[in-house]
Each structure stands twice: as structure tokens, then as C-alpha cells.
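Undergrad:
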Amino acid sequence: PKHLDDLKTFRAKYIADGKDIERRGAELKKSLEPLLIRRMKEDFLSELPAKNIYLCREEMPPYQSKIYSAVLEKYRRGEFATPLTFINRLREVSLHPDLSTLQPEKFFELDAAEVINRSARLIKTFELLEQIKTRGEKVLIFVTRRNMQLILKHLLEKIFGLEILSPINGAMNGAARQKIIDAFKRRAGFDVLILSPEAAGVGFTITEANNVIHLGRTWNPAKENQATDRVYRIGQKKAVNVYLPLACNKNLRVKTFDENLETLLNHKRNLSAKILFPTAETDADIKTLIALMNLPDEILSGDYWTIEDVDGVTGSAFEQIIADLYNGMGFSATKTPDSGDFGADVVVKNLRDDTGLLIQCKQTSRPDKSIGNGGVQEICAAIGYYSELHKRQFQAVVITNAKNFTANAIELAEKNSVKLIARRELDELLRANKVSRC
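With our numbering applied, the sequence shown corresponds to residues 1167 to 1604, in that order.
1) Three-state secondary structure (DSSP) at residue 1205?
2) With three or more beta-carbon pairs closer than 8 Å as the criterion, would you say the segment 1338 to 1349 touches the segment 1291 to 1302?
3) From residue 1465 to residue 1320, what does the alpha carbon distance come to, in whole angstroms?
4) Would you say the beta carbon of residue 1396 comes nearer than 6 Å to a heavy atom of the ligand PLP?
5) Please state the DSSP three-state secondary structure of residue 1374.
6) May I have the straight-line CA-CA distance separating residue 1428 from residue 1390, to the nearest angstrom?
7) Can you tell me which of the three DSSP states residue 1269 falls into?
8) Checking 7 Å against the spacing of the C-beta atoms, do residue 1595 and residue 1563 come in under that value?
9) How far does the beta strand (DSSP E) with residue 1522 in it extend, from its first residue to its last?
10) Skipping 5 residues on each side, what residues in its chain have a beta carbon closer than 7 Å to that of residue 1250?
11) Output the distance between the C-alpha atoms of residue 1507 and residue 1423, rounded to the nearest integer angstrom.
12) Quick test of your reading: residue 1360 and residue 1325, contact by CB under 8 Å. State the CB separation rounded to the nearest angstrom.
13) With DSSP as the reference, identify every bridge partner of residue 1565, one or two as the case may be.
14) Verify whether the separation of the beta carbon atoms of residue 1408 and residue 1219 is less than 7 Å.
15) Please report the distance separating the alpha-carbon of residue 1470 from that of residue 1426.
16) For residue 1539, which option in 1581, 1501 and 1559 has the closest C-alpha, if you only look at C-alpha atoms?
17) Could you say if the segment 1397 to 1405 and the segment 1209 to 1216 meet the contact criterion of at least three C-beta pairs nearer than 8 Å?
18) What do you reckon, are the CB atoms on residue 1387 and residue 1445 nearer than 7 Å?
19) List the whole-angstrom C-beta distance separating residue 1502 from residue 1512, where the pair is believed to meet the contact cut-off of C-beta under 8 Å.
20) Please state the DSSP three-state secondary structure of residue 1508.
21) Using the Cβ count rule (16 or more neighbours within 10 Å means buried), how would you classify residue 1267?
22) So the beta strand (DSSP E) residue 1639 belongs to, where does it begin and stop?
23) Thinking C-alpha only, which one of 1565, 1478 and 1509 is nearest residue 1265?
24) Just mark residue 1167 as buried or exposed, buried being the case when its beta carbon has 16 or more other beta carbons within 10 Å.
25) Rounded to whole angstroms, what is the Cα-Cα separation between residue 1252 and residue 1239?
26) When the Cα atoms are used, what is the spatial distance from residue 1177 to residue 1188?
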């Protein structure tokens, strides 16, 4: 008691303005001796084998590079609502450029090699897996995004012909998780288990594997270490290999998100080891990552959406494409929330007067079919609410990537003065008004 003084004194002495952290931390650590003793297992458990950590850099393929560059350009123009939105978008593109726009089912329809060759991290990961397979060893792959866990399972089965066990994540209860772990342990030879870093924080041991790939990383190095330690434990007989795939881009002349995240995590890891510095994710991480990026004045432009592209996107992504399309045409267009939108997906305001367009978007993965009258009904119901809300006169519009509307939809639209835009006209709009894929 009283060893650290009261909270006000403690903050003034050790936290203050956040500067000179290492010196203050070293003083705090020294003041705690011998009340606090910290022992690192690497220093005391001589029976543990070597742990080798490899930074595995891979250049972004042209497709990923274009979209990554377009995200940077969009941020430079001030088009992201918040820094967090920008960093999360960059984080997605760095893992796979289509992750936030394509439905998972669309990934399953594509050739596995094509999906892999769009992502630097996946290219490097599958190179590493080939080497591990040659050695006949097992590997754990940690990835945070659940949709990527399912995509990765599909790719592994296609490329290696394995029956991959269900990914272990927070949606799985303890009994089911242990059943999968036991099955993985029993299997002989090369095998892969996919896990969430968060789920791996629960104390289980898989020393049958001696390779770890951190494909999608948490921003907390303590969690990453916990994940690695599922294999680096007493009972492990082989050297443990930890692989960190990093997407790089030499054309940008600045470090990428992956490289800057590695810098941030390494800084946190060093501070934690030296001075008990907390490693949890904080708002300051976003500011640090943006500062590390040091963006240039000019950034390469990105790729553009085509009518074929939008056939595979999610409904929400389709709505954003339509909003971006009308913004590029000189309007002020905003996507409505994904829920509670009262029947409208995009609000388009004419900047010259008090008119505009109120749009209902109908994306379909089967564009050869015709769309029914549901979209017309929804937009008709929304007109009154949005006209009163924005104090302007809206023209109701329904847009789809389908080849046409049904006869009932066309008849209802004519009666209610709703403009219908189907595949051919949407294709012409996308060709005439380039919409960036960022």
C-alpha cells in the first residue's frame, strides 16, 4: 500500500504527456523491485526448442497495387468519413483487394489460383505452405476476418486436396473447439488448421504443429504471442517457425500498411518487454499508423468498376458504387444506412436546385434474370419520408445489374413515375463515368 503514491502523483510522475515513455517506464520498473518479478519463459525453460521468426515480404500484384493506391488517393482527397474508416479499408485491401466487395460465394466460383494471385499475402502464404508440405509438417494459420477464414479453407482444399477442418473462432463453443483440435492432432503428415487469434487466447496446446503463419494480424502483440504459443510450449520437440507475410509496394516509394503495422507492433512489443507497457489496441494506434505512412502528394490512380464486376459484389457494396457513380456525375450522393433506410438506398441531391434522385438498388448474382416489382414498391414508399426530411423534390429511381425488369415492375413504375435503369443503361453509365474500385 502507498508504494506508488496516489493516482494524481502516479500520473504526473509516470504518464504525464506521454513523452519519454522508456525512461519513465524504466523508473517505474525499478521502483517495483522486488515487489514485482517478471520471468520470460524463453529465459528459463531451457528445454524449449528454438523459435524462428521470419518477416516474409511480397510485392503486391498489379491488381492489388492499383486498388491499394486508389484507397490512398481517396484518403488524400479527404473522401473518408474518419481516419478509422480509412485504416480499416486499407487493412482489408492489404489482406485481399476484393474482401469487402465480393460475396464469399463469388470467391468460391473463381479459380483458386486467380484468387491467390490477387493478394501478396496469399501468394507468400501458399509459397510457405508448399515448403511446409515438403517437410511433412503441420501449420496453424491465424486470421482475424471470418469471411477470409472461409475463403482460405476453400482455397486450401482446392490447392492441396485436403479436407480442412472448420476454422476455430469465437462463434465456436469450447466442446466443438476441442473436438476439432483433437482431430487435427490425430492426423498424420502435412495439415493446416485455421484459427482466430482471439480464440487462440484460450489455453490449449497443439505441439503437433511447429509452424505458425499470421495471415491476418491483430494489433495487439500480446495476443499474437499467445496465438504463437499454442505450439511453442513444453512438449514441443521441433524448432518453431513463425511466418509474418507482409504486402509491399515499391512503386509507392513509401512503406505499406503491413510494413507500418509491423513497425507499430514491434515498438509495442519492445516497450512491453522493457517497461511493462500495455499492448492493447487504442485510438492512438490509428494516429500512429497514419503518421508512419507519410503519404506523398501524388498517388497512382486505381482500377474502375465494370458491369461484370458488380455482378459479384455484396448489396451494400453495390449501393456504394451507385453513390460514387452519381458523385462522379456532379451530384451530391450519399448511401443510406444498411438498416432502417425506409426503402431508399442512395440519396442524390442536385447542387443547382432543390431536386434530386431517390434510388433503390437491386443487385443480383444472376443478372440474366429479370427483377420483380419489389424495388418499385420500396422506393414509392420512401419518397414521402425523404422529401419531407430533405425539403426537396425527388425523382424515384430503381437501378439493377439485371438484364431487365418484369412486366409487372414496368407497369407499376409507369403508374408511379419511377425511372428504371437496368443492365444495359447501367453499363453505359459505368463506362462513361469511371468509378474507382477503392
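A virtual CB, placed ideally from N, CA and C, is assigned to each residue, including glycine. Bear in mind the structure is a predicted one, so any value in this text is a computation, not a measurement.
TA: So, from the listed chains and residues:
1) coil
2) no
3) In this prediction, residue 1465 scores a pLDDT of 49, lower than 50, which makes its location untrustworthy; no coordinate-derived value is stated.
4) Inclusion of the ligand PLP in the displayed structure is not the case, the ligand content being empty and no account of it being possible.
5) coil
6) 12 Å
7) coil
8) no
9) 1521 to 1528
10) 1452
11) 34 Å
12) Not a contact, Cβ separation roughly 14 Å.
13) 1527 and 1587
14) yes
15) 27 Å
16) 1581
17) yes
18) yes
19) 7 Å
20) coil
21) buried
22) The structure shown does not extend to residue 1639, since the chain is modelled only from 1167 to 1604, so the question has no answer here.
23) 1478
24) exposed
25) 11 Å
26) 15 Å
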